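Structure first, commentary second.
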Amino acid sequence: METYKYIPICYIFMENIHLDLSIEEIIKELDDKNLLYLTTSKIQELKNNILQKLYLTREELLHYHKVLKEYRYVDEIDEIKIGGYIRWFNLKKMDSMKLTNGGFIIDLKQHNENIHIICKNSMNRVFNMILNECIVFQKMNQQEKILIKIIDYASK
Numbered sequence: 001m002e003t004y005k006y007i008p009i010c011y012i013f014m015e016n017i018h019l020d021l022s023i024e025e026i027i028k029e030l031d032d033k034n035l036l037y038l039t040t041s042k043i044q045e046l047k048n049n050i051l052q053k054l055y056l057t058r059e060e061l062l063h064y065h066k067v068l069k070e071y072r073y074v075d076e077i078d079e080i081k082i083g084g085y086i087r088w089f090n091l092k093k094m095d096s097m098k099l100t101n102g103g104f105i106i107d108l109k110q111h112n113e114n115i116h117i118i119c120k121n122s123m124n125r126v127f128n129m130i131l132n133e134c135i136v137f138q139k140m141n142q143q144e145k146i147l148i149k150i151i152d153y154a155s156k
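Right under this line is the structure:
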């Protein structure tokens, strides 16, 4: 009996995106993106738990769930991807808690025990925020969404 090194197991067609991946490639991709244990429901649960801790009104909570639908909560440096789009709540401004418009991550720097995330917004303004002082949500790209759908399907 012959064994084959590459056995395609997954074909996904989505908006002209075609993935042809083996089990090993899927697992490596999930691990590289820190998505290995994240399902859609787990992402929602984490997001909900974090938003609940902000003591928002019911209307605000529903609004932020809607606005952050395609985002996931990130709190570790290895989860943050340069080029990704993030939005956050600044914990230093608890009296006027609101979700920022956000920006694209262009760099990460460590300074005095803090991680600074350097961002650029749609107006080409460059600014930085400190990871430890914010609750950060990163928008999932198309590839991450597909990988999470694979995890959802596999966990059924």
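The opening position of the sequence shown corresponds to residue 1 in this note's numbering, with each subsequent residue numbered one higher. Beta carbons: idealized from backbone N, C-alpha and C, even for Gly. All figures in this text were calculated on a predicted structure; none of them were measured in a lab.
| Item | Value |
| --- | --- |
| May I have the straight-line CA-CA distance separating MET1 from GLN44, to the nearest angstrom? | With a pLDDT of 40 at MET1, under the threshold of 50, the predicted position of this residue should be treated as unreliable, and no value is reported. |
| Once the 5 residues before and after LEU56 are set aside, which same chain residues still bring their CB inside 8 Å of it? | TYR64 and MET97 |
| Could you spell out the range, first to last residue, of the alpha helix (DSSP H) harbouring ASP107? | Taken as a continuous stretch (DSSP letters only), ASP107 belongs to no alpha helix (DSSP H), being part of the beta strand (DSSP E) at 103 to 111. |
| Going by DSSP, which residues form a beta bridge with GLN142? | The partner list for GLN142 (beta bridge, DSSP) is empty, contrary to what the question assumes. |
| What does the Cβ neighbour count give for MET163, buried or exposed, with the cut at 16 atoms within 10 Å? | Residue 163 is absent from the model: the chain starts at 1 and stops at 156. |
| With DSSP as the reference, identify every bridge partner of ARG87, one or two as the case may be. | PHE137 |
| Comparing C-alpha positions only, which one of PHE137, ALA154, ASN114 and GLY102 sits nearest to LEU51? | PHE137 |
| Quick one: what's LYS120 bridged to in DSSP? | PHE104 and VAL126 |
| Check LEU99 in the structure and name its three-state DSSP category. | strand |
| Quickly, what does DSSP pair TYR73 with across the bridge? List them, please. | PHE137 |
| Thinking ILE135 and TRP88 are a contact (beta carbons under 8 Å), I'd like their distance in whole angstroms, please. | 6 Å |
| Kindly indicate which residue of THR40, LYS120, ASN112 and ASN132 has the alpha-carbon position closest to the one of ARG72. | THR40 |
| Tell me whether VAL74 is buried or exposed, calling it buried when 16 or more other Cβ atoms sit within 10 Å of its Cβ. | buried |
| Anyone know if the C-beta pair for GLU60 and ASN90 falls short of 8 Å? | no |
| Between the C-alpha atoms of GLU113 and MET94, what's the straight-line distance to the nearest angstrom? | 22 Å |
| Report the rounded CA-to-CA distance for SER122 versus GLY103, giving the unit in angstroms. | 7 Å |
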